[in-house]
Amino acid sequence: MAKKFKPDVVTWDLVDANEPPPWADRTFHKLNFLSEGDSWFTMAGIPTSNLLFQMRFPVSTMIVNCAMPGDTIKHMSQITNNQGLLRGLSEQNGERWDLILLSGGGNDLIDAAGSILIDPSRRSAIKMPSPKDYCDQNELDGLITRIQKGYRRIVDLRDKPNAPSKDVPIVVHTYDFPTPNDSPARFFGVGLLGPWLYKAFTSEQIPEQDWVALSDFLFKRLAKGLLALDGQLPNFHVVDTRGTIKRAKIGSRGESGDWLNEIHPNSRGYAKLAKVIVKKLQTLV
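Residue numbers for the sequence shown follow the working numbering, so the first one is 64 and each next one is one higher.
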């Protein structure tokens with residue numbers, strides 16, 4: 064069996080050191096990626112696993128991760144304005160990467176769930192509501208549009224006339240299906256965050272028997288919005304990872320299935336997702 068390399072996931076601080084160690088020196092690696100994203104890419108969760116750590120490549124690979132330790136629940140606006148990402152794509156200070164990895168949109172959706180759901184008083188006439196009936200479609204469509212605009216902005220930055228990484232492949236992913244549960248995330252230095260879907264669904268009096276179907280509806284809508292960009296933006300690729308990992312059981316208050324908490328996979332779940340994403344990456348570099 065061919066050897067598989069665990070990527071060296073490093074921060075800009077290591078890359079900028081006067082004498083960077085070999086694992087933070089791009090000349091030491093066959094492939095060099097730039098990444099930025101939400102809490103699926105950060106190094107802050109407990110335990111300290113993320114999607115990048117679980118990737119495996121056939122050659123030595125370094126990933127300069129703009130998702131710094133201490134990042135938790137980031138939104139697209141924070142991702143597009145991240146100084147490390149802007150630097151990595153800039154004409155003045157950027158480099159030509161082999162590939163750009165992005166993770167964004169999931170946190171925007173979970174944080175906006177409360178504003179997307181229709182007030183219970185406005186649903187009283189609906190006897191057997193479908194997931195769509197619980198949602199303000201204008202709010203949901205507006206959120207998806209904002210997420211898409213964030214990705215368009217990053218593509219525009221990559222493709223400025225003299226940008227060093229012009230036309231370099233960008234890869235993003237959809238999100239697998241979380242189960243609304245009273246299972247908060249734990250982060251170093253931050254403590255407990257969340258839960259999100261559980262809180263929104265209980266606050267808006269969504270019947271528990273509809274939680275899974277409603278959550279799936281929202282994440283399918285997000286996936287549809289992301290996948291639409293695959294055919295619209297140049298050298299922009301969306302890996303559809305839905306259905307890859309085992310969902311958590313309803314009512315779980317901790318690790319369940321392939322999930323560590325309500326919205327983050329555990330290391331086993333990340334490994335399954337990483338395998339699907341790397342398969343796509345290998346066709347692009």
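Every residue gets a Cβ at the ideal spot worked out from N, C-alpha and C, and that includes glycine.
Range covered by the beta strand (DSSP E) that runs through residue i
i       : result
Asp-273 : Looking at the DSSP string, Asp-273 is not in any beta strand (DSSP E), and its letter there is neither H nor E.
Leu-164 : 162-166
Phe-264 : Here Phe-264 belongs to no beta strand (DSSP E); instead the alpha helix (DSSP H) covers 260-266.
Met-125 : 124-128
Ile-233 : 233-236
Ser-98  : 94-100
Phe-116 : From DSSP, Phe-116 is part of no beta strand (DSSP E); its letter is neither H nor E.
Arg-305 : Per DSSP, Arg-305 belongs to no beta strand (DSSP E) and is neither H nor E.
Phe-91  : No beta strand (DSSP E) contains Phe-91, which DSSP labels as neither H nor E.
Arg-249 : 248-250
Within-9 Å CB hit, residue i to chain B
i       : result
Gln-200 : Looking for chain B here will not work: only one protein chain is present.
Backbone CA spacing between residue i and residue j [nearest angstrom]
i       : j       : result
Arg-119 : Arg-186 : 48 Å
Pro-243 : Leu-281 : 12 Å
Trp-259 : Ala-176 : 8 Å
Asp-101 : Ile-136 : 6 Å
Cys-129 : Arg-216 : 17 Å
Leu-164 : Ile-326 : 20 Å
Ala-69  : Asp-79  : In the sequence as displayed, the identity of residue 69 is Lys instead of Ala. Using only the alpha carbons, I get a separation of about 22 Å.
Asn-324 : Ala-291 : 29 Å
Lys-312 : Pro-232 : 36 Å
Leu-285 : Glu-82  : 43 Å
Gly-288 : Pro-297 : 16 Å
Val-122 : Trp-160 : 15 Å
His-236 : Trp-274 : 23 Å
Glu-158 : Gly-257 : 37 Å
Ser-140 : Leu-77  : 25 Å
Glu-202 : Lys-195 : 12 Å
Arg-150 : Gln-272 : 47 Å
Pro-183 : Ala-263 : 12 Å
Trp-86  : His-138 : 29 Å
Tyr-197 : Gln-117 : 36 Å
Phe-96  : Pro-270 : 44 Å
Gln-200 : Asp-171 : 16 Å
Ser-228 : Leu-220 : 9 Å
Val-218 : Ser-330 : 30 Å
Tyr-238 : Gly-294 : 19 Å
Leu-362 : Glu-267 : Not covered by the structure: residue 362. The range shown for the chain is 64 to 348.
Lys-66  : Arg-316 : 38 Å
Inter-residue CB distance, residue i and residue j (contact presumed, cutoff 8 Å)
i       : j       : result
Tyr-261 : Ser-112 : In fact, because the Cβ distance is near 22 Å, the residues do not count as touching under 8 Å.
Asp-98  : Val-127 : Looking at the sequence provided, one finds Ser at residue 98 rather than Asp. About 7 Å; that satisfies the 8 Å criterion.
Leu-206 : Ile-173 : Going by Cβ atoms, the distance from Leu-206 to Ile-173 rounds to 11 Å, so no, they are not a contact pair.
Lys-283 : Thr-307 : The Cβ separation is near 14 Å, so there is no contact.
Unbroken alpha helix (DSSP H) run spanning residue i, endpoints
i       : result
Ala-176 : 169-179
Ala-334 : 330-344
Val-78  : 75-78
Glu-202 : 200-221
Arg-150 : 146-152
Thr-143 : 139-143
Nearest neighbour of residue i, chosen from the options [CA to CA]
i       : options                               : result
Asp-71  : Asp-79, Ala-65 and Pro-84             : Pro-84
Thr-74  : Leu-115, Lys-66, Phe-68 and Ala-65    : Leu-115
Ser-193 : Pro-247, Ile-181 and Lys-229          : Ile-181
Pro-328 : Asn-81, Phe-240 and Asp-88            : Phe-240
Met-125 : Trp-103, Ile-308 and Asp-88           : Asp-88
Gly-213 : Ile-142, Arg-249, Thr-307 and Phe-104 : Ile-142
Phe-250 : Phe-96, Thr-105, Asp-76 and Ser-98    : Thr-105
Val-348 : Glu-99, Val-218 and Leu-162           : Leu-162
Gln-346 : Leu-255, Gly-314, Thr-307 and Val-234 : Note that residue 346 is Thr in the sequence shown, not Gln. Ranking the options by Cα distance to Thr-346, first place goes to Val-234.
Ile-210 : Gly-168, Val-218, Asp-245 and Ser-178 : Gly-168
Pro-247 : Ala-65, Ile-269 and Gly-314           : Gly-314
Leu-344 : Phe-299, Glu-267 and Ile-269          : Phe-299
Thr-265 : Asp-245, Leu-220 and Lys-283          : Asp-245
Cβ pair count under 8 Å reaching 3, the stretch 300-308 against the stretch 326-345: yes
So, do the stretch 85-95 and the stretch 143-156 have three or more beta carbon pairs nearer to each other than 8 Å? no
Can you find at least 3 beta carbon pairs, one from the stretch 279-295 and one from the stretch 317-324, that sit closer than 8 Å? no
Any 3 or more C-beta pairs closer than 8 Å across the stretch 206-226 and the stretch 149-158: As far as the Cβ criterion goes, the stretch 206-226 touches the stretch 149-158, which means the pair count is three or higher.
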